[in-house]
Structure formats: structure tokens, C-alpha cells
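Q: One structure is given below, represented as C-alpha cells, and several questions about it will come after.
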Amino acid sequence: MTTVLAAEELNPLLPHTIEIVVGTIAFLLLFYVLKKTIFPQFEKIYAERTDKIEGGLKRAEETQEEANRLRQQYEEQLAGLRAEAARIRDEARAEGQQIRAELRAQAEEESERIRQRGLEQLNAAREQTVRALRAEVGGLAVQLAERIIRTDLSDQARRASTIDDFLSELDGLAQRRETSPTAGGSN
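When we follow this note's numbering, the leftmost residue of the sequence shown carries the number 13, and every step to the right adds one.
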């Protein structure tokens with residue numbers, strides 16, 4: 013018996029046939045249980061992850077496309093706004109120049125009107141002064157004439173003619189003085 017036992021125990025690397033059969037049945041049972049319960053869960057999780065990744069990539073591409081479209085719209089709007097701003101600046105410059113020209117024209121008109129009014133006032137004052145001086149000089153001339161000729165010039169017609177004659181002489185003297193070459197010289 014020792015030889016039979018020795019023959020069976022001689023090869024320690026080969027397992028017993030029963031162990032091989034039991035191990036195979038246990039493996040197949042474990043594989044069947046895993047296939048029915050665990051592997052579908054793995055497949056489901058794998059499909060969900062694949063879906064998430066592909067969906068995420070697709071959403072990322074859509075988001076990128078949307079961002080590019082929005083950026084392009086923004087750039088177009090910005091270019092339009094820049095053109096609008098340039099147009100508004102040009103219009104403002106033109107309007108400013110027009111307003112400046114209008115104000116200059118109004119100022120020139122006002123200056124001319126003021127100058128004209130000043131000349132009119134000056135002429136009116138000169139006329140008034142000439143009239144006042146004529147009256148005063150006339151009165152002085154009558155007094156002087158009365159003293160010189162020692163007669164009373166109370167007659168109004170006589171007095172007026174004397175004053176007119178005197179003033180005419182004075183005007184004639186003034187005109188001769190203005191036309192003479194020595195008028196502006198040494199007096």
C-alpha cells in the first residue's frame with residue numbers, strides 16, 4: 013500500500029481530479045452569478061460614463077460654437093458702435109463749426125449794429141452840440157455886436173440876420189483854415 017500511496021503523492025504539482033471538477037464548477041457558478049448581477053452593473057456604469065463623456069464633449073463643442081458665435085456678434089456690434097461713435101464725433105465737429113460760424117456772424121452783426129448806433133448817437137450829440145453852440149455863440153455875437161455898434165438889437169429879424177451872418181463868417185473861416193496848407197502846421 014505504500015507503493016500506491018507513494019504513486020498518488022508523487023506529483024505534488026497536479027491537483028486531484030475532484031479538486032479540478034469542484035474548482036471548475038465553483039468558477040462557473042461564480043462567473044454565472046457575476047454575469048447576472050455584477051457585469052450588468054459594470055456595463056451600465058460604463059455606458060453612463062461614456063454617455064457623460066460624449067455628452068460633455070458634445071455640450072462643450074456646442075458651448076464653444078455658441079461662444080464663437082456670440083464673440084463674432086460682439087465684434088460686429090463693437091465695430092458698428094465704433095463706426096457710430098466716429099460718425100457722431102464728425103457730426104459734433106461739423107455742428108460745432110457751424111455754431112461757431114453762426115456765433116461769429118451774430119457777433120459781427122451785433123458789433124456792426126452797436127457801431128451804427130454809436131455813430132447815430134454821436135451824430136445826434138454833435139447836432140445837439142452844434143445847435144447849442146450856435147445858440148450860445150449867437151447870443152454872444154448879439155451882445156458883442158450891441159456893445160460894438162452900441163445899438164439895441166432887440167428886433168428879432170435883425171438879431172437873426174446878425175447871428176446868421178456871424179455864423180456864416182465863422183464857417184467860412186473854419187473852411188479856409190481846414191483847406192489851407194498851414195492848417196495842421198504851427199498855430
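Ideal Cβ positions, reconstructed from N, Cα and C, are used throughout, including at glycine.
No experiment lies behind these values; they were computed from the predicted model shown.
Roughly how many whole angstroms lie between the Cα atoms of residue 85 and residue 79?
A: Stepping through the sequence shown from its first residue, residue 85 is reached at position 73. Stepping through the sequence shown from its first residue, residue 79 is reached at position 67. The straight-line gap from Cα to Cα measures roughly 10 angstroms.
Q: I need the straight-line Cα distance from residue 123 to residue 110, nearest angstrom please.
A: Taking the sequence shown and counting its residues from 1, one reaches residue 123 at position 111. Taking the sequence shown and counting its residues from 1, one reaches residue 110 at position 98. Using only the alpha carbons, I get a separation of about 20 angstroms.
Q: Please state whether DSSP places residue 52 in a helix, a strand or coil.
A: As a working mapping, residue 52 is identified with position 40 in the sequence shown. In the structure shown, residue 52 sits in a helix (DSSP, three-state: H, G or I).
Q: Thinking just about the alpha-carbon of each residue, which of 158, 169, 192 and 153 is nearest to the one in residue 179?
A: By one-based count along the sequence shown, residue 179 stands at place 167. The candidate whose alpha carbon is nearest that of residue 179 is 153.
Q: Can you tell me the Cα-Cα spacing of residue 177 and residue 168, whole angstroms?
A: Within the sequence shown, residue 177 is the residue found at index 165, counting from 1. Within the sequence shown, residue 168 is the residue found at index 156, counting from 1. Cα to Cα, residue 177 sits roughly 14 angstroms from residue 168.
Q: Evaluate residue 30 with the Cβ neighbour count: other Cβ atoms within 10 Å of its Cβ, from every protein chain shown; 16 or more gives buried, anything less gives exposed.
A: In the sequence shown, counting from the first residue as 1, residue 30 sits at position 18. Residue 30 is exposed by the Cβ-count criterion.
Q: What does a CB cutoff of less than 7 angstroms around residue 198 pick up in its chain, not counting 5 residues either side in sequence?
A: Numbered from its first residue, the sequence shown carries residue 198 at position 186. Bear in mind that the predicted position of residue 198 carries a pLDDT of just 49, short of 50, making it unreliable; the figure below should be weighed with that in mind. No residues qualify anywhere along the chain.
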